[in-house]
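Colleague: Protein chains in written order, with my numbering: chain A, 311 to 461; chain B, 126 to 296.
1. Can you tell me whether residue 340 of chain A is helix, strand or coil according to DSSP?
2. Please report the Cβ distance between residue 213 of chain B and residue 367 of chain A, rounded to the nearest whole angstrom; I am assuming they are in contact, meaning their Cβ atoms lie under 8 Å.
3. Going along the segment 336-347 of chain A in order, which residues come within less than 7 Å of chain B, judged by CB to CB distance?
4. Tell me, please, whether the segment 261-270 of chain B touches the segment 161-179 of chain B by the rule of three or more beta-carbon pairs shorter than 8 Å.
5. As a quick exercise: from B/247, B/207, B/228, B/248, pick the residue whose alpha carbon is nearest that of residue 134 of chain B.
6. Check whether the Cβ atoms of residue 340 of chain A and residue 145 of chain B lie closer than 8 Å to each other.
7. Let me make sure I understand the geometry here. Which of B/188, B/194, B/193 has the alpha-carbon closest to that of residue 377 of chain A?
8. Are there 16 or more other CB atoms within 10 angstroms of the CB of residue 183 of chain B, so buried, or fewer, so exposed?
9. Tell me residue 142 of chain B's beta-bridge partners as DSSP assigns them.
10. I want to verify the contact list: residues of chain B whose CB lies under 8 Å from the CB of residue 375 of chain A, in sequence order.
11. Quick check: what's the CA-CA separation for residue 179 of chain B versus residue 311 of chain A?
12. I'd like to know if residue 205 of chain B contacts chain A, where contact means its C-beta is closer than 8 Å to some C-beta of that chain.
13. Which residues in chain A sit within 8 Å of residue 282 of chain B, going by Cβ to Cβ distance?
14. On a Cα-Cα basis, can you pick out the residue from B/255, B/236, B/292, B/167 that is closest to residue 403 of chain A?
15. Can you confirm whether residue 237 of chain B, when its beta carbon is compared against all beta carbons of chain A, has any partner nearer than 8 Å?
16. Is any beta-carbon of chain B found at less than 8 Å from that of residue 262 of chain A?
17. Where do the N-terminal and C-terminal ends of the alpha helix (DSSP H) with residue 284 of chain B fall, by residue?
18. Pull up the CB-CB distance for residue 432 of chain A and residue 425 of chain A, whole angstroms please, since I reckon it's below 8 Å.
19. Near residue 191 of chain B, what residues of its chain come up, given a Cβ to Cβ distance below 7 Å and the 5 sequence neighbours on each side ignored?
20. Can you name, in chain order, every residue of its own chain whose Cβ lies under 8 Å from the Cβ of residue 209 of chain B, other than the five neighbours on each side?
21. Go to residue 169 of chain B, then tell me how far its alpha helix (DSSP H) extends in each direction, as first and last residue.
22. Please determine if the segment 142-156 of chain B and the segment 231-248 of chain B are in contact, where contact requires at least 3 C-beta pairs separated by less than 8 Å.
23. Are residue 284 of chain B and residue 177 of chain B closer than 8 Å when you measure CB to CB?
24. Answer yes or no: do residue 467 of chain A and residue 173 of chain B have a C-beta to C-beta separation smaller than 8 Å?
25. By DSSP, does residue 257 of chain B sit in helix, in strand, or in coil?
26. From the beta carbon of residue 246 of chain B, is the nearest beta carbon of chain A less than 8 Å away?
27. Residues of chain B with a CB under 7 Å from the CB of residue 441 of chain A: which are they?
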């Protein structure tokens with residue numbers, strides 16, 4: 311994304327790109343889409359933001375609709391169905407690997423590990439809703455960070 | 126029906142701090158346990174499709190919408206998923222840039238990170254509940270786990286490869 315927008319098209323300076331990137335964790339939404347909205351807004355205001363948003367979504371949307379149409383037309387025992395069950399199993403392994411890789415840097419940071427574990431337990435074990443997590447656990451975690459003064 | 130889709134996905138859209146994967150546990154519990162739109166296995170398969178397609182994983186909203194109400198359902202769910210967050214980001218971006226380089230931003234991001242990773246683990250648990258329902262499926266997951274940690278094979282290739290193994294062993 312940086313290579314396209316900063317170097318090839320010259321839409322943003324490096325500083326602007328980093329600035330926008332640093333905003334993303336403080337806002338809802340998937341990062342690449344949020345970034346597209348911010349860049350769109352910078353150039354054409356609200357209309358630019360809307361155009362960027364749709365441009366990001368439409369290709370995936372069309373592709374997934376085609377897959378869904380084929381998928382739902384198949385009988386449960388079909389070969390295609392087995393293939394998608396294999397895909398689902400595969401994605402589990404990928405997600406475990408990603409979660410492990412993201413957790414690894416925090417292995418020596420007990421407070422962070424505590425919050426990773428507490429959040430996972432609250433959601434998976436106690437069936438906390440996302441609202442509760444964001445209202446209770448997130449503010450405590452952020453508050454502790456601010457209090458300890460380390461970033 | 127459309128109202129239910131909108132009510133679920135608008136909330137998820139606005140609560141999606143930390144990217145799309147953080148909202149997977151809630152999306153799963155709403156669409157599988159609460160509304161019974163899909164089975165756990167279907168949800169995991171849809172999730173895999175969304176991971177393979179370009180764009181963010183939250184495009185799974187379109188697949189859930191499609192299962193509920195065909196193409197109109199898909200458009201409604203995707204709109205409810207992406208438009209509120211898009212508006213929030215546009216407004217938020219304008220406000221933040223006026224605030225300037227405030228140190229709170231970094232503290233917020235640093236404090237949120239462990240919570241988001243915890244949500245990621247919970248999301249993995251629900252995807253596994255639908256994706257790994259047999260020893261053979263577990264073996265496929267173990268293979269992609271090792272390949273992700275040890276090699277740089279792309280996610281799309283890994284998922285497609287797992288699909289081929291599925292055709293052979295998950296009959």
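No residue lacks a Cβ here, since even glycine has one placed at the ideal position from N, Cα and C. Just so you know, these numbers come straight off a predicted model, no measurement behind them.
Modeller: Checking against the coordinates, here is how it stands:
1. The residue you call residue 340 of chain A lines up with position 30 of the first chain. Of the three classes helix, strand and coil, the one that applies to residue 340 of chain A here is coil, per DSSP.
2. Here residue 213 of chain B is taken as the residue at index 88 of the second chain, counted from 1. Here residue 367 of chain A is taken as the residue at index 57 of the first chain, counted from 1. Contact flag wrong, Cβ pair sits at about 16 Å.
3. 336, 337, 338, 339, 340, 341, 342, 343, 344, 347
4. no
5. Translated into positions along the second chain, residue 134 of chain B becomes position 9. Residue 134 of chain B has its Cα closest to that of B/207, out of B/247, B/207, B/228, B/248.
6. Residue numbering aside, residue 340 of chain A sits at position 30 when the first chain is read from its first letter. Residue numbering aside, residue 145 of chain B sits at position 20 when the second chain is read from its first letter. For residue 340 of chain A and residue 145 of chain B, yes; Cβs fall inside 8 Å.
7. In the first chain, counting from the first residue as 1, residue 377 of chain A sits at position 67. If we check each option's Cα against that of residue 377 of chain A, B/188 comes out closest.
8. Residue 183 of chain B sits at position 58 when you count from the first residue of the second chain. Flag for residue 183 of chain B reads buried.
9. Locating residue 142 of chain B in the second chain gives position 17, where the first residue counts as 1. Paired residue(s): A/338.
10. Looking up residue 375 of chain A in the first chain gives position 65. Simply 187, 191, 196, 199.
11. Working through the second chain from its first residue, we reach residue 179 of chain B at position 54. Working through the first chain from its first residue, we reach residue 311 of chain A at position 1. One C-alpha to the other measures close to 14 Å.
12. Here the question's residue 205 of chain B lines up with position 80 in the second chain. Taking Cβ atoms only, chain A never reaches closer than 8 Å to residue 205 of chain B, which makes this a no.
13. The residue given as residue 282 of chain B occupies position 157 in the second chain. The premise fails here: residue 282 of chain B is roughly 10 Å from chain A at the closest Cβ pair, so nothing lies under 8 Å.
14. In the first chain, counting from the first residue as 1, residue 403 of chain A sits at position 93. Nearest C-alpha to residue 403 of chain A: B/255.
15. Residue 237 of chain B sits at position 112 when you count from the first residue of the second chain. Taking Cβ atoms only, chain A reaches closer than 8 Å to residue 237 of chain B, which makes this a yes.
16. Nothing about residue 262 of chain A can be read from this structure; chain A reaches only from 311 to 461.
17. Walking along the second chain from the start, residue 284 of chain B turns up at place 159. Where residue 284 of chain B is concerned, the enclosing alpha helix (DSSP H) stretches over 280-294.
18. Locating residue 432 of chain A in the first chain gives position 122, where the first residue counts as 1. Locating residue 425 of chain A in the first chain gives position 115, where the first residue counts as 1. With a Cβ gap of about 10 Å, residue 432 of chain A and residue 425 of chain A do not count as contacting.
19. Walking along the second chain from the start, residue 191 of chain B turns up at place 66. Correct list, in chain order: 198, 199.
20. If you number the second chain from 1, residue 209 of chain B lands on position 84. Around residue 209 of chain B: 135, 138, 139.
21. One-based indexing of the second chain puts residue 169 of chain B at position 44. Start and end: 165-177.
22. yes
23. Here residue 284 of chain B refers to the residue found at position 159 when the second chain is read from its first residue. Here residue 177 of chain B refers to the residue found at position 52 when the second chain is read from its first residue. Cβ distance < 8 Å, so residue 284 of chain B and residue 177 of chain B count as in contact.
24. The requested residue 467 of chain A does not occur in the structure, where chain A is confined to residues 311 to 461.
25. For the purposes of this step, residue 257 of chain B is identified with residue 132 of the second chain, where counting begins at 1. Reduced to three states, the DSSP call for residue 257 of chain B is coil.
26. Residue 246 of chain B sits at position 121 when you count from the first residue of the second chain. So yes, residue 246 of chain B belongs to the interface.
27. Residue numbering aside, residue 441 of chain A sits at position 131 when the first chain is read from its first letter. The contacting residues are 140.
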